[in-house]
Amino acid sequence: MAKKKGDEKVNQTPQSDNEEQNFDEEPNFEDPEGFVDDITDEELLADLLEQKPKESDGYENVIIVDGCPQVGPERLEKLQSVINKIFSKFGKIVNEFYPTNENGVTTGFIYLEYSNPQNAAEAVQATNNCKLDKQHTFLVNLFTDFKKYSDIPKEWEPPAPQPFKVQSDLQWYLMDPDAYDQFLVGIGTGVALQVWQNTLPEPITLQERPNWTETYAVWSPLGTYLATFHWRGVALWAGPKFSQFQKFYHPEARFISFSPCENYIVTFSPNSDRGDDKKLIIWDIRTGQEKRSFPPPDEYVTWPIFRWSKDDRFFARLGADVLSVYETPSFG
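What the sequence shown shows, in full-length UniProt numbering, is residues 1 to 332, in sequence order.
Written out as structure tokens, the structure is:
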């Protein structure tokens, strides 16, 4: 039998895990009072410190391509044509160097310099371990990787374990014996939201909050999370009381998309203050960690930019004459 409007089972009064929470304010992106942070600025702000103006030596634009065919002077021009056709897809190549031995035969590795570091990084991700033919496989690295890997400390200290935080039941709605659907309604300009349960004979309100979002709100694919947009980033709400589950600091984020299994969320901000390579970010929903960032597309594309496999194991991005496929959880 279907439940009626007045059934006791459904709580019609909006609640929260913290009765003193003020829903007139945007989600809190700050650390709680009394929080002691023992992380150094170099660890916490590593990505921002990378954007600090500094004199560039140009090495960030250079890649090393190993596994190339070894050819003599008579075939060098043909090899250069093949290499340029492959690697110019990722940006303008401003310089190239083909080392040779005393006989004038190439050594099998080359140096390519792009006009910016973003093009170099994209070329490494797209072409490393790609086969040129049956006998040659590219091994591609950034020139700066050699210094980075040579400076790895000999002794590794594991990170300190973080205290476990009890979360709400994310699948609480599956316990409803009548399996009623829920739907979201924006009020007025849309910043005030209502979550309704589609009961009979009339739907009832589960939650109603003013200023819950600053632009709009969307459900995740499986209905586990409700995402709201704010000036400082995106917030996810979940559980029977729609408590804040996670927050992602990405100022002025305009678009988001979820992976099919809701393991990852993609955010895009056209005006990111963290640089062009931080305008498109993929996050781990459970941990809130940034997994990888990308520069924005060079030309107009439709959203979403990434296409996911049904099990979240792979995602792909279409570029100019190239299809880049990445895997999780390594995001390489």
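Each residue gets a CB set at the ideal place from its N, CA and C atoms; glycine is no exception.
{"Query": "Whole-angstrom distance between residue 146 and residue 80, CA atom to CA atom", "Result": "24 Å"}
{"Query": "From 296, 90, 215 and 63, residue whose alpha carbon lies closest to that of residue 269", "Result": "296"}
{"Query": "Endpoints, the alpha helix (DSSP H) within which residue 86 is located", "Result": "73-87"}
{"Query": "Classification of residue 330 by the beta-carbon crowding that lies within 10 angstroms, buried from 16 upward", "Result": "exposed"}
{"Query": "Which listed residue (197, 164, 213 and 198) has its alpha carbon closest to that of residue 190", "Result": "213"}
{"Query": "Assigned exposure category for residue 137 - 16 Cβ within 10 Å defines buried", "Result": "exposed"}
{"Query": "Residue 323 and residue 305 closer than 8 Å at C-beta", "Result": "no"}
{"Query": "N- and C-terminal bounds of the alpha helix (DSSP H) containing residue 148", "Result": "145-150"}
{"Query": "Start-to-end residues for the beta strand (DSSP E) that takes in residue 215", "Result": "Residue 215 -> no beta strand (DSSP E), and no H or E assigned at all."}
{"Query": "Which listed residue (180, 93, 96 and 74) has its alpha carbon closest to that of residue 103", "Result": "74"}
{"Query": "Rounded C-alpha distance that separates residue 264 from residue 285", "Result": "5 Å"}
{"Query": "Residue ranges of each alpha helix (DSSP H) within the region 115-167, 4 or longer", "Result": "117-127 and 145-150"}
{"Query": "For residue 291, the three-state DSSP class (helix, strand or coil)", "Result": "strand"}
{"Query": "Close-in-space but distant-in-sequence residues of the same chain around residue 234 (CB under 8 Å, 5 per side omitted)", "Result": "227, 228, 247, 248, 250, 253, 256, 265 and 267"}
{"Query": "Alpha carbon of residue 23 to alpha carbon of residue 245, nearest angstrom", "Result": "Here residue 23 scores only 49 on pLDDT, less than 50, and its place in the model should not be relied on; the value that follows carries that caveat. Approximately 15 Å between the Cα atoms of the pair."}
{"Query": "Short Cβ contact (8 Å threshold) for residue 143 with residue 119", "Result": "no"}
{"Query": "CB contact flag (residue 66, residue 97, <8 Å)", "Result": "no"}
{"Query": "CA-to-CA distance, residue 289 to residue 180, given in whole angstroms", "Result": "33 Å"}
{"Query": "Best match in 202, 231, 194 and 258 for proximity to residue 242 [C-alpha to C-alpha]", "Result": "194"}
{"Query": "Rounded C-alpha distance that separates residue 166 from residue 121", "Result": "39 Å"}
{"Query": "8 Å Cβ shell around residue 192 - same chain, five flanking residues per side excluded", "Result": "186, 208, 209, 210, 211 and 212"}
{"Query": "Own chain partners of residue 126 with C-beta closer than 7 Å, once the 5 adjacent residues on each side are dropped", "Result": "90, 322 and 324"}
{"Query": "Same chain only: Cβ atoms within 7 Å of residue 69, ignoring 5 sequence neighbours per side", "Result": "79 and 136"}
{"Query": "CB-CB length for residue 105 against residue 72, believed under 8 Å", "Result": "5 Å"}
{"Query": "Distance, residue 116 Cα to residue 76 Cα", "Result": "26 Å"}
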